[in-house]
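Chemist: Read top to bottom, the protein sequences are chains C and B. Numbered per numbering that gives the first Met the number 0, the first sequence spans residues 0 to 538. Numbered per numbering that gives the first Met the number 0, the second sequence spans residues 0 to 320. Below you'll find the structure I mean.
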Amino acid sequence: MTVTETRSQTSYLSDGYTLRSWLLTTDHKRIALLYFAAITFFFFVGGIGATLVRYNLLSPKGLLGSAETYNRLFSMHGVVMVWFFLVPAVPTTLGNFLVPLMLGARDLAFPRLNLLSWYLFILAGLVALYALIVGGVDTGWTFYTPLTSFYSKGHVVATVVAVFIAGFSSIATGLNFIVSIHKLRAPGMTWHRMPVFLWSLYATSVIMVLATPVLAMTLLLVAFERLFRIGVFDPAIGGDPLLFQHLFWFYSHPAVYIMILPGFGVISEIVPAFSRKELFGYKFVVWASVAIAVIGFLVWGHHMFVAGTSLYSALVFSILSYMVAVPSAIKVFNWLGTMHKGFIRFDAPMLYALGFIGLFTMGGLTGLFVAALAADVHLTQTYFVVAHFHYVMVGGMVSAYFAALHFWWPKITGRLYPEMWGRAAAIIIFVGFNVTFFPQFILGYLGMPRRYNAYPPEFEALNVLSSGGASILAIGYLLPLGYLAWSLFYGERASANPWGATGLEWTTPSPPPTENFETTPVVTLPPYSYPYTETSRDE
Amino acid sequence: MRSLLPQASANAAEVDYLILALLLASCLVLALVFGLMLVYVSRYRADARVERGKLAQKTWRLEIGWTAATFVVFFGLFLWGADLYVRLFQPPRDALQIYVVGKQWMWKVEHQSGQREINALHVPTGRAIQLVLTSEDVIHDFSVPAFRIKHDVLPDRYETLWFQVEKAGVYHLFCTQFCGEGHASMIGEIVAMSPPEYEDWLGQSASGAGAHESMAAAGEVLFTRYGCGGCHGEGGVGGKQSGGGVDAPPLAGLYGEKVTLDTGAVVTADESYIRDCIISPEKQRVAGYPPIMPSFAGQLEEENLLRVIAYIKSLKPTERR
Numbered sequence: 000m001t002v003t004e005t006r007s008q009t010s011y012l013s014d015g016y017t018l019r020s021w022l023l024t025t026d027h028k029r030i031a032l033l034y035f036a037a038i039t040f041f042f043f044v045g046g047i048g049a050t051l052v053r054y055n056l057l058s059p060k061g062l063l064g065s066a067e068t069y070n071r072l073f074s075m076h077g078v079v080m081v082w083f084f085l086v087p088a089v090p091t092t093l094g095n096f097l098v099p100l101m102l103g104a105r106d107l108a109f110p111r112l113n114l115l116s117w118y119l120f121i122l123a124g125l126v127a128l129y130a131l132i133v134g135g136v137d138t139g140w141t142f143y144t145p146l147t148s149f150y151s152k153g154h155v156v157a158t159v160v161a162v163f164i165a166g167f168s169s170i171a172t173g174l175n176f177i178v179s180i181h182k183l184r185a186p187g188m189t190w191h192r193m194p195v196f197l198w199s200l201y202a203t204s205v206i207m208v209l210a211t212p213v214l215a216m217t218l219l220l221v222a223f224e225r226l227f228r229i230g231v232f233d234p235a236i237g238g239d240p241l242l243f244q245h246l247f248w249f250y251s252h253p254a255v256y257i258m259i260l261p262g263f264g265v266i267s268e269i270v271p272a273f274s275r276k277e278l279f280g281y282k283f284v285v286w287a288s289v290a291i292a293v294i295g296f297l298v299w300g301h302h303m304f305v306a307g308t309s310l311y312s313a314l315v316f317s318i319l320s321y322m323v324a325v326p327s328a329i330k331v332f333n334w335l336g337t338m339h340k341g342f343i344r345f346d347a348p349m350l351y352a353l354g355f356i357g358l359f360t361m362g363g364l365t366g367l368f369v370a371a372l373a374a375d376v377h378l379t380q381t382y383f384v385v386a387h388f389h390y391v392m393v394g395g396m397v398s399a400y401f402a403a404l405h406f407w408w409p410k411i412t413g414r415l416y417p418e419m420w421g422r423a424a425a426i427i428i429f430v431g432f433n434v435t436f437f438p439q440f441i442l443g444y445l446g447m448p449r450r451y452n453a454y455p456p457e458f459e460a461l462n463v464l465s466s467g468g469a470s471i472l473a474i475g476y477l478l479p480l481g482y483l484a485w486s487l488f489y490g491e492r493a494s495a496n497p498w499g500a501t502g503l504e505w506t507t508p509s510p511p512p513t514e515n516f517e518t519t520p521v522v523t524l525p526p527y528s529y530p531y532t533e534t535s536r537d538e
Numbered sequence: 000m001r002s003l004l005p006q007a008s009a010n011a012a013e014v015d016y017l018i019l020a021l022l023l024a025s026c027l028v029l030a031l032v033f034g035l036m037l038v039y040v041s042r043y044r045a046d047a048r049v050e051r052g053k054l055a056q057k058t059w060r061l062e063i064g065w066t067a068a069t070f071v072v073f074f075g076l077f078l079w080g081a082d083l084y085v086r087l088f089q090p091p092r093d094a095l096q097i098y099v100v101g102k103q104w105m106w107k108v109e110h111q112s113g114q115r116e117i118n119a120l121h122v123p124t125g126r127a128i129q130l131v132l133t134s135e136d137v138i139h140d141f142s143v144p145a146f147r148i149k150h151d152v153l154p155d156r157y158e159t160l161w162f163q164v165e166k167a168g169v170y171h172l173f174c175t176q177f178c179g180e181g182h183a184s185m186i187g188e189i190v191a192m193s194p195p196e197y198e199d200w201l202g203q204s205a206s207g208a209g210a211h212e213s214m215a216a217a218g219e220v221l222f223t224r225y226g227c228g229g230c231h232g233e234g235g236v237g238g239k240q241s242g243g244g245v246d247a248p249p250l251a252g253l254y255g256e257k258v259t260l261d262t263g264a265v266v267t268a269d270e271s272y273i274r275d276c277i278i279s280p281e282k283q284r285v286a287g288y289p290p291i292m293p294s295f296a297g298q299l300e301e302e303n304l305l306r307v308i309a310y311i312k313s314l315k316p317t318e319r320r
């Protein structure tokens with residue numbers, strides 16, 4: 000047999016320069032870059048929405064002057080950020096790039112399905128942009144009925160169709176990862192030798208495949224009700240408005256874990272690499288991800304404690320919400336355990352990872368407030384909730400995304416990013432984030448409702464502070480765009496393993512050849528087998 | 000300027016204690032996490048020549064330890080939050096009922112004695128108030144931060160919410176469920192006054208330009224206009240085929256009673272039940288009567304429906320045969 004056959008060593012970046020060689024590629028690495036372009040675009044579209052929202056709230060009367068404009072802006076911000084950035088960000092970019100490399104495989108199990116998923120994503124994105132350009136939608140990203148299905152004046156059908164199509168892209172990616180992880184592991188890579196990043200993506204993919212269809216059906220029903228007046232959710236024609244909330248959150252709560260689990264995976268790679276130590280409690284970290292994926296399906300009702308559900312359902316969903324927080328806490332303790340007695344370095348990925356641990360912990364802890372029933376009654380639907388999920392989604396997930404981007408940048412591009420700029424951006428983002436969102440916890444406790452374009456004057460000072468923080472945060476997010484682009488042309492060439500990290504992806508050149516590995520790797524060691532010394536770095 | 004967040008209701012202090020406890024627990028955990036991070040990154044930075052000693056073995060003991068500790072703390076927090084929720088959200092029996100209808104984008108309030116107000120709610124202090132909430136269109140939410148309460152207001156159904164104001168004053172009322180263009184303008188004021196002042200207020204608005212009859216009296220007019228008495232009898236005494244009418248259940252004294260349905264289920268005749276019987280009679284039929292009650296869906300607007308219900312609630316059981 001030809002296990003040792005020598006494969007082409009051309010870098011995947013040099014393997015064809017035509018547009019066709021990119022748009023019709025089935026190479027997972029090139030598809031990852033296609034996704035990078037799309038995701039980055041949507042991140043900045045959603046970011047513009049956020050910027051205008053914070054601009055409007057500088058004054059109690061609302062600087063934009065129009066409630067309708069404001070409503071469409073925050074709805075656009077939510078829809079774009081959730082479905083066109085947070086959900087796909089890590090899986091489709093870093094996941095696509097790294098899953099085969101970490102598995103020691105040539106490509107994903109279904110390379111053409113992978114390309115199809117990108118085209119579906121682009122189609123969904125175009126429909127969303129169309130909806131946005133013709134006027135947007137005024138329902139919030141949660142599409143609550145009967146507001147959405149009857150009263151809204153926005154472009155509801157186009158928007159839900161966009162999300163519907165994006166869902167199929169998610170499902171295709173999830174399916175691809177599940178099959179790849181089952182079937183394409185290199186010889187010797189047992190389940191418990193897999194990097195945690197793969198485990199996290201596996202758990203994420205399971206949620207994507209199981210939960211997304213529920214969202215698709217729900218949105219289709221909303222569109223039907225709106226177009227044909229079929230009574231499903233609108234009580235005026237015989238529907239039940241709470242049914243929508245149950246169905247929507249049955250997807251959208253697990254979707255929170257779709258967004259954050261890949262982040263856990265990233266941090267579990269980076270903390271050991273920059274502590275030069277194996278991951279503390281590997282099996283606990285792995286099975287915590289699986290536990291989150293399972294319990295995450297059973298907590299949707301905690302979005303509805305004041306919605307008119309029964310007392311018993313509130314009690315059950317409250318305790319389950321506490322249960323789902325336990326595995327997250329386990330992970331935080333294990334990352335700290337990994338750093339204990341390590342040889343810790345402070346390169347940009349580690350700074351982002353430390354930021355993640357701090358901000359995610361704050362996001363998680365404030366989740367305990369809204370899981371406590373009596374406290375939730377006061378805090379829900381206020382800025383407290385806005386701050387809570389931004390700490391998890393932006394402070395947590397976006398920090399993890401940037402950590403991953405910096406960590407694997409040399410592998411992906413073959414270039415080193417400028418380290419000082421990377422560290423500066425990490426610190427600016429951490430500071431800007433806290434100045435933006437911490438005041439919102441206080442605003443929420445004081446009672447300021449979400450989704451208000453104008454607010455009572457006593458909330459002004461904290462809102463101005465929050466908007467000021469947002470401008471720092473905006474600079475923090477623009478910086479990487481600049482210096483990472485610069486590094487593509489002027490950055491130092493990267494060696495195969497600039498961090499001295501473990502993992503199969505670091506055994507192949509940077510950037511990897513189209514075929515990924517010269518010979519199929521054989522795994523003989525558990526993951527994170529860092530030699531316990533400071534001098535193992537490949538300088 | 001009003002103080003930022005007064006504890007104006009009987010519940011407010013208890014909710015604040017819970018939030019304070021959560022805050023303290025969070026600060027402890029944050030101190031631990033940030034503290035360990037800071038200690039480790041300074042003590043174990045790569046070039047630190049510190050003696051690191053042997054690595055921890057038997058990690059599962061630590062894992063079980065912190066997992067169990069987390070479970071215990073979380074379970075305690077759950078119990079605290081749940082206990083308070085259950086206690087504070089069961090209304091006392093003698094609560095004063097006030098009816099609230101939300102619509103895009105205003106709050107319409109009607110007191111039992113018939114006073115109406117928009118985007119304002121006058122209540123007496125020191126007395127439990129129960130709001131019966133419904134919406135004419137989309138989902139709204141009735142939220143009063145100073146009382147630490149909120150509840151969604153749904154179309155086609157009644158939700159209730161209760162509170163007891165301890166301090167006279169004027170407090171924010173917010174709609175906190177996004178309800179369309181004018182969401183942020185769907186705000187109002189809760190005016191809490193001492194009981195004598197409240198009586199004065201009721202008296203003032205009962206005379207003069209805004210004179211009106213009580214909700215029950217207005218409901219009686221509607222009861223007659225919609226021909227309810229044709230089957231249920233004048234005064235809701237019930238109808239009997241043998242008496243020359245049709246078999247229809249008596250309504251006097253119905254409110255708060257247990258009703259046996261044709262499915263065998265037993266339900267309490269609260270506002271929601273009476274509403275369903277008028278709007279969607281096929282949902283819950285009383286055992287022993289023919290299914291002839293027509294639906295009044297689309298014929299009665301929400302406020303008139305509330306008045307009819309107020310009238311039915313006012314009918315005394317002594318009028319029953």
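We put the CB at the ideal spot given by N, CA and C, even for glycine. Note that this is a predicted model, so its numbers are computed, not measured.
Quick check on DSSP: helix, strand or coil for H548/C?
Modeler: Missing from the structure shown is residue 548/C; chain C here goes from 0 to 538 and no further.
Chemist: When you compare the region 478-498 of chain C with the region 446-456 of chain C, are there three or more beta-carbon pairs, one atom per stretch, that lie closer than 8 Å?
Modeler: Cβ pair count under 8 Å is below three, so no.
Chemist: CB R156/B to CB G218/B, shorter than 8 Å?
Modeler: No; because the gap between Cβ atoms is not below 8 Å, this pair is not in contact.
Chemist: Once you ignore the five residues that flank T175/B on each side, which residues in its own chain have a CB closer than 7 Å to its CB?
Modeler: Closer than 7 Å at Cβ, skipping near neighbours: D140, S142, K149.
Chemist: V99/B bridges to which residues according to DSSP?
Modeler: Its beta-bridge partners are V108/B, L132/B.
Chemist: Going by DSSP, name the residue or residues bridged to Q163/B.
Modeler: Q163/B pairs with A127/B.
Chemist: For a cutoff of 8 Å on Cβ pairs, would you count P144/B as touching chain C?
Modeler: Interface residue, yes.
Chemist: Can you grab the Cα-Cα spacing for the pair L607/C / E67/C, in whole Å?
Modeler: Residue numbering for chain C in the displayed model covers 0 to 538; residue 607/C lies beyond these limits and cannot be assessed.
Chemist: When the cut-off is 8 Å and only beta carbons count, does E62/B lie next to chain C?
Modeler: True, the Cβ-Cβ gap to chain C drops below 8 Å.
Chemist: Would you please verify whether the beta carbon of P526/C is less than 8 Å from any beta carbon of chain B?
Modeler: With 8 Å as the cut-off, P526/C does not count as an interface residue toward chain B.
Chemist: Which chain C residues sit within Cβ distance under 8 Å of A45/B?
Modeler: Per Cβ cutoff of 8 Å: R275, F342, I343, R344, E533.
Chemist: Nearest-angstrom Cα distance between L192/B and S465/C?
Modeler: Note that residue 192/B is Met in the sequence shown, not Leu. The straight-line gap from Cα to Cα measures roughly 36 Å.
Chemist: Assuming G153/C and R71/C make a contact with CB atoms under 8 Å, what is their CB distance in whole Å?
Modeler: With 8 Å as the limit, G153/C and R71/C qualify as a contact, their Cβ atoms being about 7 Å apart.
Chemist: Nearest to L23/B by CA position, among V49/B, L76/B, S134/B, R48/B, is which residue?
Modeler: The option with the nearest alpha carbon to L23/B is L76/B.
Chemist: Alpha carbon to alpha carbon, how far is M447/C from S123/B? Give it in angstroms, no decimals.
Modeler: The sequence given here has Pro at residue 123/B, not Ser. Cα to Cα, P123/B sits roughly 25 Å from M447/C.
Chemist: Looking at chain C, is there any beta carbon in it that lies within less than 8 Å of the beta carbon of G181/B?
Modeler: Yes - at least one Cβ of chain C is within 8 Å of the one on G181/B.
Chemist: With 8 Å set as the bound, which would you pick, yes or no: does the beta-carbon of F355/C sit closer than that to a beta-carbon of chain B?
Modeler: Cβ-Cβ to chain B under 8 Å: no for F355/C.
Chemist: Give the residues of chain C in contact with C178/B, contact being defined as C-beta atoms less than 7 Å apart.
Modeler: Within chain C, the residues near C178/B are L146.
Chemist: For K282/B, would you say it is in contact with chain C, using Cβ-to-Cβ distances shorter than 8 Å as the test?
Modeler: K282/B does not count as touching chain C.
Chemist: Starting from the beta carbon of A373/C, find every residue of chain B whose beta carbon is closer than 7 Å, and list them in chain order.
Modeler: The contacting residues are V14, L17, G80, L83, Y84, L87.
Chemist: Does any CB atom of chain B fall closer than 8 Å to the CB of P348/C?
Modeler: Not one chain B Cβ lies under 8 Å of P348/C.
Chemist: Which residues in chain C sit within 9 Å of R126/B, going by Cβ to Cβ distance?
Modeler: None at all; the shortest Cβ gap to chain C is about 21 Å.
Chemist: Between the alpha carbons of G166/C and I291/B, how many angstroms are there, rounded?
Modeler: Each residue's Cα considered, the two are about 48 Å apart.
Chemist: Are the CB atoms of Y310/B and F222/B nearer to each other than 8 Å?
Modeler: Result yes, Cβ atoms of Y310/B and F222/B sit closer than 8 Å.
Chemist: With DSSP run on the structure shown, which of helix, strand or coil describes I291/B?
Modeler: The answer is coil: DSSP assigns I291/B none of H, G, I, E or B.
Chemist: I'd like to know whether the C-beta of G121/B is nearer than 8 Å to at least one C-beta of chain C.
Modeler: Reading off the sequence, residue 121/B comes out as His, not Gly. It does not: the Cβ of H121/B has no partner Cβ on chain C nearer than 8 Å.
Chemist: Can you check whether the C-beta of H110/B is within less than 8 Å of a C-beta belonging to chain C?
Modeler: Answer no: the Cβ-Cβ gap between H110/B and chain C never drops below 8 Å.
Chemist: Looking only at C-alpha atoms, which of L314/C, V284/C, S288/C sits nearest to V298/C?
Modeler: Residue L314/C is the option with its Cα nearest to V298/C.
Chemist: With DSSP collapsed to three states, give me the class of C178/B.
Modeler: Here C178/B sits in coil by DSSP.
Chemist: Report back the beta-carbon spacing between V270/C and A222/C to the nearest angstrom; my notes put them in contact at under 8 Å.
Modeler: Actually they are not in contact, since the Cβ atoms of V270/C and A222/C sit about 44 Å apart, beyond 8 Å.
Chemist: List the residues of chain C whose Cβ lies closer than 9 Å to the Cβ of V165/B, in chain order.
Modeler: It should be noted that the sequence gives Glu, not Val, for residue 165/B. Those do not exist, as E165/B stays about 16 Å from chain C at its closest Cβ, beyond 9 Å.
Chemist: Which residue comes first and which comes last in the alpha helix (DSSP H) that contains G235/B?
Modeler: Where G235/B is concerned, there is no enclosing alpha helix (DSSP H), given that its DSSP letter is neither H nor E.
Chemist: Is it buried or exposed for C227/B, if we count other Cβ within 10 angstroms and need 16 for buried?
Modeler: With 16 or more Cβ atoms within 10 Å of its Cβ, C227/B is classed as buried.
Chemist: Quick one: grab the DSSP three-state call for K149/B.
Modeler: If DSSP states are grouped into helix, strand and coil, K149/B belongs with the strands.
Chemist: From the DSSP output, in three-state form, read off Y69/C for me.
Modeler: It is helical.
Chemist: Using a C-beta to C-beta distance shorter than 8 Å, which residues of chain B count as neighbours of E514/C?
Modeler: Under the 8 Å cutoff, chain B gives no residues; its nearest Cβ is about 35 Å from E514/C.
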